[in-house]
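In my numbering, the protein residues as written are 24 to 408. For each residue, glycine too, the CB sits at the ideal point set by N, CA and C. Here the structure is a predicted model, which means the values were calculated and not measured.
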Amino acid sequence: MTTLPAASPEALALSQALCGRIGQAIADAGGWIPFSDYMELALYAPGMGYYAAGSSKLGAEGDFITAPELTPLFGQSLARQLAELLPQTAGAIYEFGAGTGKLAIDLLAELEALGCLPQKYVILDLSPDLMERQRENIGAALPHLAGRVEWASRLPDAIDGIVIGNELLDAMPCEMVFRDENRQLRQRGVTIRDGAFAYEDRDFADAALAELAEQLVPDIPRYETEISLANRGFIATLAGALRRGAILMIDYGHAASEYYLPERGMGTLLGHYRHHTVQDPFYLPGLMDLTCHVDFSAVAQSGIDAGLDLIGYTSQAQFLINCGLIDRLQTLDAGDVKTYLPVAKAAQRLLSPQEMGETFKAMAFGKDVSIDWLGFARGDRCYTL
24 MTTLPAASPE
34 ALALSQALCG
44 RIGQAIADAG
54 GWIPFSDYME
64 LALYAPGMGY
74 YAAGSSKLGA
84 EGDFITAPEL
94 TPLFGQSLAR
104 QLAELLPQTA
114 GAIYEFGAGT
124 GKLAIDLLAE
134 LEALGCLPQK
144 YVILDLSPDL
154 MERQRENIGA
164 ALPHLAGRVE
174 WASRLPDAID
184 GIVIGNELLD
194 AMPCEMVFRD
204 ENRQLRQRGV
214 TIRDGAFAYE
224 DRDFADAALA
234 ELAEQLVPDI
244 PRYETEISLA
254 NRGFIATLAG
264 ALRRGAILMI
274 DYGHAASEYY
284 LPERGMGTLL
294 GHYRHHTVQD
304 PFYLPGLMDL
314 TCHVDFSAVA
324 QSGIDAGLDL
334 IGYTSQAQFL
344 INCGLIDRLQ
354 TLDAGDVKTY
364 LPVAKAAQRL
374 LSPQEMGETF
384 KAMAFGKDVS
394 IDWLGFARGD
404 RCYTL
């Protein structure tokens, strides 16, 4: 931890205030809360959580970088898929967790070029700070289209359009479970020990979570992993609101058969702080992002159970290639090295199996729209779920 960049006094004060808020929640609950409660407060506590406070999060000055921030090629490729789907709906796009607004900018610009602008583009976000940045960035980049963009803090009762989420599911609070040295499954939570946050394992209070854990967790002593009830609930809620249209989620994760491999006994939970990976989830709460990989088998089953068509599941690389990213790259002048090389490097990062190309997956659902999507024309992996 001594190699991590130092936080400013103002940031440290914010983190300390959040620690007090979390500590009070633990005390109010009798000395222990599920890890999901800790993660929710660390990320979303009003005015103090990582996504609710005003610190820079994305890009070179933030804690991590997302695909839209790397290159417009990501949004331009995705726009080709949306252009196929929008005419089959009422023409609305709903983006959850829009970050700086970069994906919205690239999608709207490319959809305009394709002659397929949405009737409205709705951004749903929990961060007032990010929403203000999105307004500024979209207004500056696309002033003539800014009037099509709306903001909301809650899901509409009925959706007729396309829902997209890039790196959304990984930021939802997860439950942590642990199979101890006696092979007994326990729920991992957070307590205070010697004045600091610490893990403490207890018997399950939630019978449904206990049953899921027995189904998913290998019978291996000292095996730690995550189960996201939030992901399951979110997809079910979206399905309940979707009257017609599509849902597209792009995130890092695995099918359950890979997620719960015997050798993955340390789980996938990670912190991201100033472009460093941090193993300790209690490091500077409120200043560090917390994420866990997505169990796409669980996401798929949740959508199917809620009555949606599972359209496809594939790697990010295959999805973007199907949507024409390589074709778009080939239209650029490779002789203009100064312009071409940064774009090619960004494309390499999006597509390479050693970078984002394989770890990130695309999954889509539909309701009363075509099941033949450009993005899943080749390389569909639904059979692995």
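(message) For the alpha helix (DSSP H) containing arginine 431, name the first residue and the last one.
(response) The chain is shown from 24 up to 408; residue 431 falls before or after that span and cannot be answered.
(request) Using a threshold of 8 Å, state whether the C-beta atoms of leucine 271 and alanine 385 are closer than that. (result) yes
(request) Using 10 angstroms around the beta-carbon of aspartate 391, count the other beta-carbons present and answer buried if the total reaches 16, otherwise exposed. (result) exposed
(request) Compute the beta-carbon to beta-carbon distance between alanine 387 and threonine 94, rounded to the nearest angstrom, for a pair I have assumed lies under 8 Å. (result) Actually they are not in contact, since the Cβ atoms of alanine 387 and threonine 94 sit about 22 Å apart, beyond 8 Å.
(request) Could you check what DSSP says for serine 338 in three-state terms: helix, strand or coil? (result) strand
(message) Report the CB separation of leucine 41 from methionine 71 in whole angstroms; it is logged as a contact under 8 Å.
(response) 4 Å
(request) Using a threshold of 8 Å, state whether the C-beta atoms of aspartate 129 and aspartate 193 are closer than that. (result) no
(message) For aspartate 148, count the other beta carbons within 10 Å of its own beta carbon; 16 or more makes it buried, fewer makes it exposed. Which is it?
(response) buried
(message) With the cut-off set at 8 Å, would you say glutamate 249 and glycine 212 are in Cβ contact?
(response) no
(request) From the DSSP output, in three-state form, read off valine 240 for me. (result) coil
(request) Please classify proline 151: does DSSP put it in a helix, a strand, or coil? (result) helix
(request) Go through its chain and collect everything with a Cβ distance to leucine 126's Cβ below 7 Å, but skip five positions before and after it. (result) Pro91, Gly98, Glu118 and Asn189
(message) Please classify isoleucine 394 as buried or exposed, where buried requires at least 16 neighbouring CB atoms within 10 angstroms.
(response) exposed
(message) Taking the alpha helix (DSSP H) that glutamine 99 belongs to, which residues open and close that run?
(response) 95-108
(message) Measuring only the C-alpha atoms, how far is isoleucine 349 from proline 179?
(response) 36 Å
(request) Keeping to the same chain, check which residues put their C-beta closer than 6 Å to that of cysteine 139; ignore five residues upstream and five downstream. (result) Ala106 and Leu109
(message) Taking DSSP's pairing of strands, which residues face arginine 267 in a bridge?
(response) Asp183
(request) Could you tell me whether the region 282-296 touches the region 372-386, where touching means 3 or more Cβ pairs closer than 8 Å? (result) no
(message) Rounded to the nearest angstrom, what separates arginine 177 and glutamine 339 at their Cα positions?
(response) 28 Å
(message) Between Pro244, Leu191 and Arg216, which has its C-alpha nearest glutamate 205's C-alpha?
(response) In the sequence as displayed, the identity of residue 205 is asparagine instead of glutamate. Nearest of Pro244, Leu191 and Arg216 to asparagine 205, Cα basis: Pro244.
(request) Just confirm the distance between the C-beta atoms of arginine 225 and tryptophan 396, as a whole number of angstroms; I'd bet it's less than 8 Å. (result) Contact doesn't hold; Cβ gap of about 44 Å is too wide.
(request) Apply the 10 Å Cβ neighbour rule to proline 141 and answer buried if 16 or more other Cβ atoms are within range, or exposed otherwise. (result) buried
(request) Spell out a yes or no on whether the region 352-363 and the region 302-314 are touching, meaning 3 or more CB-CB pairs, one atom from each, closer than 8 Å. (result) no
(message) Suppose the cutoff is 8 Å on Cβ atoms and the five residues either side in sequence are ignored; what does the same chain contact list for threonine 362 look like?
(response) Leu355 and Asp356
(message) I believe leucine 27 touches histidine 299 by the beta-carbon criterion, under 8 Å. Please report the beta-carbon distance rounded to the nearest angstrom.
(response) 6 Å
(request) Please report how far the alpha carbon of glycine 288 lies from the alpha carbon of arginine 202, in whole angstroms. (result) 10 Å
(request) Have a look at the DSSP bridge pairing and note the partners of arginine 351. (result) None; arginine 351 has no bridge partner.
(message) Nearest by alpha-carbon distance to glutamate 63: which of Pro196, Gly124, Ala230 and Leu131 is it?
(response) Pro196
(message) Helix, strand or coil, according to DSSP, for valine 322 in the structure here?
(response) helix
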